[in-house]
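Chain order of the listed sequences is A and B. Note that this note's numbering has the first sequence beginning at 1, numbered continuously upward. Note that this note's numbering has the second sequence beginning at 492, numbered continuously upward. Note that CB positions come from ideal geometry on N, CA and C, so glycine has one too. Please read these numbers as outputs of a predicted model, since none were measured by experiment. Remarks on the structure that follows.
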Amino acid sequence: MNINIIRYILGLVLKIEAGLLLLPAIVGMFYREDTFSAYLIVATLTFIVGSIVSMAKPKNTVFHLKEGCIATALSWILLSLVGAIPFVITKEIPSFVDAFFETVSGFTTTGASILSDVESISHASLFWRSFTHWVGGMGVLVFLLAIMPLSGGSNINLMKAESPGPSVGKLVPKVRSSATILYQIYFGMTLIQFVLLLIFKMPVFDAMCLTFGTAGTGGFGVRNDSIASYSVYQQWIIGIFMMLFGINFNFYYFFLRKKMRKAFAIEEVRWYLLFIIGATLGIFLQLGGMVSGFEHKLRVAFFQVVSMITTTGYSTADFNVWLPNAQLILLLLMFSGACAGSTGGGFKVSRIVILLKAFVREIKSYIHPKSVGQIRMDKSPLPEGVVKSTMVYLATYILIFIVSHFLITLDGKDFLTSFSAVTATFNNIGPGLSEVGPMSNYASLSAFSKLVLSFDMLAGRLELFPMLLLITPAMWKNTHKQSKHDLVSLF
Amino acid sequence: MFNTKKKPEKKPLKIIIVGCGKVGRTLVDKLNQEGNDITVIDQIPERVEEITNLYDVMGIVGNGASFSIQTEAEIENADLFIAVTDSDELNLLCCTVAKHANCSTIARVRKPDYINEAGYLKEQLGLQMIINPDLESATEIAKLFYIPSALEINSFAHGQAELIKIVVEKNGLLDGKTLSEVFTNCKNDDEKILVVTVERDGNVIIPNGDFQINADDKVTFVLPKRHRRAFLNRLNIQSVQLKSCMIIGGGITSFYLANQLIHMGLEVKIIESKPDRCRLLSELLPNAIVINGDGTDEILLREEGIDITDGFVALTGIDEQNIFLTMHAKKVSNAKVVTKITRENFKDLIDSMDLGSVIHPRTITSEAIIAYARAKRASLDYNNIETLYHMYDSRVEAIEFKVDSQSLATEKPLKELKLKDGINVAFINRNGRIIIPNGDDKIIVGDSVMIVTTNTGFTTLDDILN
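Here is the structure:
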């Protein structure tokens, strides 16, 4: 394994994070808070360490899929470790495990929090919390690819490891240009939402943080009751933008290139919209007397549906008191997740569609045992390998789920709490049901459970395999020899 | 905060390549290295996937001749369309369909059936270039037989100037001489020659006047074509044309080669194991001797006179067999031997073996296409680059600049110019006359100048100055 290139990438990631940490420092200075110095110090130290680590450029810049996966997994862990330090220094989250959980939750756009009183936190820290959503939404390494001329064609392996979805395509031949286009779209949409929220009279700071949370489909709010206390229009804007950020970004690329037909031909997007309409209708009908007024009912149903399917996790109502069937719809949406190639998490709509089609084909093969069937997506046949890997993904997904659930129940919480805690973190949503529901938080869990859930969040965001590779012993076989050799060659 | 060195980036070409076979892959490798935007199309998903995993290119699975697939590859924005699938007809069809967009098209066509129609096809189908790897390889081999002691001959300036690579013999005329001695030995201006590169122990050196040539160096000279024979005679290098040649393997390349050698007046013997193929060859080549037999059979080879033949070419489809045949021929005869190597694996190892001249058909094909792409790209940005060749696996660039305006490098004797290291001004082409420059020559406006350099990435003539 090419340890040197991984070291180099980690160094660059640190330097990027140093740059990112300056923003909350600026916010802190603006609001004249003492916390800004914590961010400034951490940023400076991170930059120094990052510069040292990435000082020597590796001669061999080729990396394969395994290096891509390992670099991605390590980068995300490192980002979270460093990002957690300011919370501890400012004593806003005194326990490091808690701070780590909170930061992982931020970067993986989960939005699960251990803070019970968000409103007591300083502006700088609130900003940092929400900003990690925005950074994690599109991915740090995609950002790295957009700004860094990493030579060698194999850098697609970095993008593959970080981007959500069963098959990662590029928009244009170059990885770098693709990454740039993605960030441009991302940035543009973020800006539009921000401006719209300002027009509808949201305070600048709230607008900024909520836009970050929506864009990254994260879910950290700045008020204790999440979104419930904002005005009707503001809720609609956030709801609609959540839906938009859950759409495959290829859609916007085609849209901008004026290829409408191609954009609307993306099957996954159609299914995604269909899921949203169906679920909204289902919940709308079951709200009954709990909410009054047509618009209000529709808004509550729609908001909660898009919040769950995009795995954002904002809430405008306490769905803990909804009818069981409505709650189940939300739980199912948590598993479905958003489109591949969006900022959302979860299992991904495209995978569900592929599995459903494979299921139909299997049934048919019992009727016509010798029939030959091709699964089609976007009107073209899907390679059998993708179908196979989707099934393996499902199996792996269930396996990790079961193991995590097993470990969490050691904490002694009731079934619904532990089940929904794993669901909500593994799918990067945030609030679960019962004790970890929208109006409470994860603070009551043990440190061990928090670490397990942190792993789940990272595994969910990075599509399972990078994190699994990290704990596979065969991966690290002989690497100590290699790294010794690499180190010797450095000096 | 990021150590990004800003290079003057050339605008990348948008290139579509149909066919991800061996040639397709070599093309992707080379063109991608130069920073072009590449989209590949192939019918076989695995092949596409393999390429997109290895290189920073976009892959599309489908038939490259289909209009909708071409549209998906955004052919309307493409600069160059290259069809290199196995099938000639598909390649031609691809390019015909691609004509709806306004881009240059290149097709690989290698069947002998079309050899005489290449010009017609090119014109009628609006192709920029028809590539025939077998024919090009054959021509390359035939050229070597014309000057048997040369390892490699490249033509420049519309064939007016040639780069000839030879091995320095022990105790020969050149052994132990410095370059300035070689140079001053020339009596009159017309006989001037210049050593542009020396390859020693695998390293490429751009030598200066004090450089001493040793035995076993591979030395590349530049000289005007018209002096070739005189020059070789002076160096006591054998320049007598060969009389007979033995070709093992009866593929398409063999046919083209035999055809050319027969035209040059050689006696050609082809050994091929498939009876059908033999019959076809004897039909097409009435003047060749076609032997039906196993070319790797030592007894057969001796019977057919491997020890007395002047030339021996191993052109079977299997590289390993070709290598063995050549080594055998080197042992039992004094023939000029040529080996065909198709695959590019173990290149270092093969280079270190004594196989005489080695022909890489794939490299020949891709080099021709890449030279076209480079010139096209260069002409988009820098219209004073006429041609650009890569030598020694791209370690050395040979660039032909057109000098159409005054610059810091013009109107001054070359010895007064402060050149960067690793640069040789190989020749000046003044109105079609090739001048091999010495320190007193000047570059003037209207010339074309060939620069041979180990520094890559020059864009204007001024780049050669310190």
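Practice task
Please determine if the region 563-581 of chain B and the region 596-608 of chain B are in contact, where contact requires at least 3 C-beta pairs separated by less than 8 Å.
Solution key: With the cut-off at 8 Å, the region 563-581 of chain B and the region 596-608 of chain B touch.
Handout entry: C-alpha distance - residue 42 (chain A) paired with residue 250 (chain A), whole-angstrom precision
Key = Whole-angstrom Cα-Cα distance: 37 Å.
Exercise for the section: With distances taken Cα to Cα, identify the nearest neighbour of residue 700 (chain B) among B:714, B:673 and B:717. Expected result: Per the Cα distances, B:673.
Exercise for the section: State buried or exposed for residue 499 (chain A), treating a residue as buried only when at least 16 other CB atoms are found within 10 Å of its CB. Expected result: Because residue 499 (chain A) is not part of the residues shown, which for chain A are 1 to 491, the question remains open.
Handout entry: Segments assigned alpha helix (DSSP H), at least 4 residues, entirely inside the region 77-143 of chain A
Key = For the region 77-143 of chain A, whole alpha helix (DSSP H) runs of length 4 or above, ordered along the chain, are 96-107 and 123-138.
Handout entry: Residue-chain proximity (residue 839 (chain B), chain A), Cβ-Cβ < 8 Å
Key = So, not an interface residue.
Practice task
Below 6 Å CB to CB, which residues in the same chain sit around residue 310 (chain A) once its five sequence neighbours on both sides are set aside?
Solution key: Same-chain partners within the cutoff: 217, 242, 246, 338 and 344.
Exercise for the section: Could you tell me whether any Cβ in chain A is nearer than 8 Å to the Cβ of residue 492 (chain B)? Expected result: With a pLDDT of 32 at residue 492 (chain B), under the threshold of 50, the modelled position of that residue is not reliable, and no figure is offered here.
Handout entry: Minimum length 3: unbroken beta strand (DSSP E) runs contained in the region 545-622 of chain B
Key = Counting only runs of 3 or more, we get 549-552, 571-574, 595-599 and 620-622.
Practice task
Please work out which residues of its chain come closer than 7 Å, Cβ to Cβ, to residue 255 (chain A), disregarding the five sequence neighbours upstream and downstream, and give them in chain order.
Solution key: Excluding residues within five positions, the ones whose Cβ falls inside 7 Å are 263.
Exercise for the section: Can you tell me which of A:105, A:371, A:276 and A:295 puts its alpha carbon nearest to the alpha carbon of residue 235 (chain A)? Expected result: Considering only alpha carbons, the answer is A:295.
Exercise for the section: Measuring alpha carbon to alpha carbon, tell me which of A:93, A:104 and A:134 ends up nearest residue 117 (chain A). Expected result: For the options A:93, A:104 and A:134, the alpha carbon positioned closest to that of residue 117 (chain A) is the one of A:93.
Practice task
Please report the residue range of the alpha helix (DSSP H) in which residue 244 (chain A) lies.
Solution key: Here the alpha helix (DSSP H) through residue 244 (chain A) covers 232-245.
Exercise for the section: For residue 544 (chain B), decide whether its Cβ has a neighbour in chain A, counting only Cβ atoms nearer than 8 Å. Expected result: Answer yes: the Cβ-Cβ gap between residue 544 (chain B) and chain A drops below 8 Å somewhere.
Practice task
Check whether the Cβ atoms of residue 433 (chain A) and residue 286 (chain A) lie closer than 8 Å to each other.
Solution key: No. Outside cutoff.
Problem - Own chain residues within Cβ distance below 6 Å of residue 849 (chain B), not counting five before or after - result: If we look at residue 849 (chain B) and ignore the five residues flanking it on each side, its Cβ neighbours are 830 and 832.
Practice task
Could you tell me if residue 336 (chain A) is buried or exposed, where buried requires 16 or more neighbouring beta carbons within 10 angstroms of its beta carbon?
Solution key: A residue is called buried once 16 or more other Cβ atoms fall within 10 Å of its Cβ, and residue 336 (chain A) is buried on that count.
Problem - Rounded straight-line distance, which links the Cα of residue 281 (chain A) to that of residue 46 (chain A) - result: Straight through space, the alpha carbons of residue 281 (chain A) and residue 46 (chain A) are spaced by roughly 49 Å.
Problem - Buried versus exposed call for residue 492 (chain B) [16 or more other C-beta atoms within 10 Å across all chains shown] - result: Confidence in residue 492 (chain B) is poor, its pLDDT being 32 and thus under 50, which makes the residue's placement too unreliable to answer from.
Problem - residue 935 (chain B) classed as buried or exposed, judged by whether at least 16 other C-beta atoms fall within 10 angstroms - result: With fewer than 16 other Cβ atoms from the protein chains shown falling within 10 Å of its own Cβ, residue 935 (chain B) counts as exposed.
Exercise for the section: Go ahead and label residue 543 (chain B) buried or exposed: buried means 16 or more other beta carbons lie within 10 angstroms of its beta carbon, across all protein chains shown. Expected result: Per the 10 Å Cβ criterion, buried.
Handout entry: Between the CA atoms of residue 531 (chain B) and residue 508 (chain B) - distance to the nearest angstrom
Key = Using only the alpha carbons, I get a separation of about 5 Å.
Problem - CA-to-CA distance, residue 549 (chain B) to residue 900 (chain B), given in whole angstroms - result: So the alpha carbons of these two residues sit roughly 42 Å apart.
Problem - Close Cβ partners of residue 128 (chain A) (< 6 Å) along its chain, the five nearest in sequence each way excluded - result: Excluding positions up to five away in sequence, the list reads 24.
Handout entry: Touch test, the region 715-724 of chain B against the region 950-957 of chain B, Cβ-Cβ under 8 Å, three pairs minimum
Key = Proximity of the region 715-724 of chain B to the region 950-957 of chain B falls short of the contact definition, fewer than three beta-carbon pairs being nearer than 8 Å.
Practice task
Reducing DSSP to helix, strand and coil, say where residue 797 (chain B) ends up.
Solution key: In this structure, DSSP gives residue 797 (chain B) a state outside helix and strand, which the three-state scheme calls coil.
Exercise for the section: At 7 Å on the CB atoms, spell out the chain B contacts of residue 503 (chain A), in chain order. Expected result: The requested residue 503 (chain A) does not occur in the structure, where chain A is confined to residues 1 to 491.
Handout entry: residue 880 (chain B) (DSSP reduced to helix, strand or coil)
Key = Note: residue 880 (chain B) maps to strand in three-state DSSP.
Exercise for the section: Can you say whether residue 656 (chain B) is buried or exposed, counting buried as having 16 or more other CB atoms within 10 angstroms of its CB? Expected result: By the Cβ neighbour-count rule, residue 656 (chain B) is buried, with 16 or more other Cβ atoms within 10 Å of its own.
Problem - Identity of the residue in A:408, A:444 and A:214 nearest residue 429 (chain A) by Cα - result: Residue 429 (chain A) has its Cα closest to that of A:214, out of A:408, A:444 and A:214.
Exercise for the section: Alpha carbon to alpha carbon, how far is residue 268 (chain A) from residue 261 (chain A)? Give it in angstroms, no decimals. Expected result: Approximately 14 Å between the Cα atoms of the pair.
Problem - Beta-carbon neighbours of residue 156 (chain A), restricted to chain B and to distances below 8 Å - result: Within chain B, the residues placing a beta-carbon under 8 Å from that of residue 156 (chain A) are 543, 544 and 547, ordered along the chain.
Problem - In DSSP terms, what residue 944 (chain B) is bridged to - result: DSSP lists B:888 and B:914 as partners of residue 944 (chain B).
Handout entry: From B:792, B:742 and B:571, residue whose alpha carbon lies closest to that of residue 817 (chain B)
Key = Minimum Cα distance to residue 817 (chain B) is reached at B:792.
Problem - Contact list for the region 524-540 of chain B against chain A, Cβ threshold 7 Å - result: Residues 528, 529, 530 and 536.
Handout entry: Short Cβ contact (8 Å threshold) for residue 749 (chain B) with residue 779 (chain B)
Key = One thing to note: residue 749 (chain B) has its Cβ within 8 Å of the Cβ of residue 779 (chain B).
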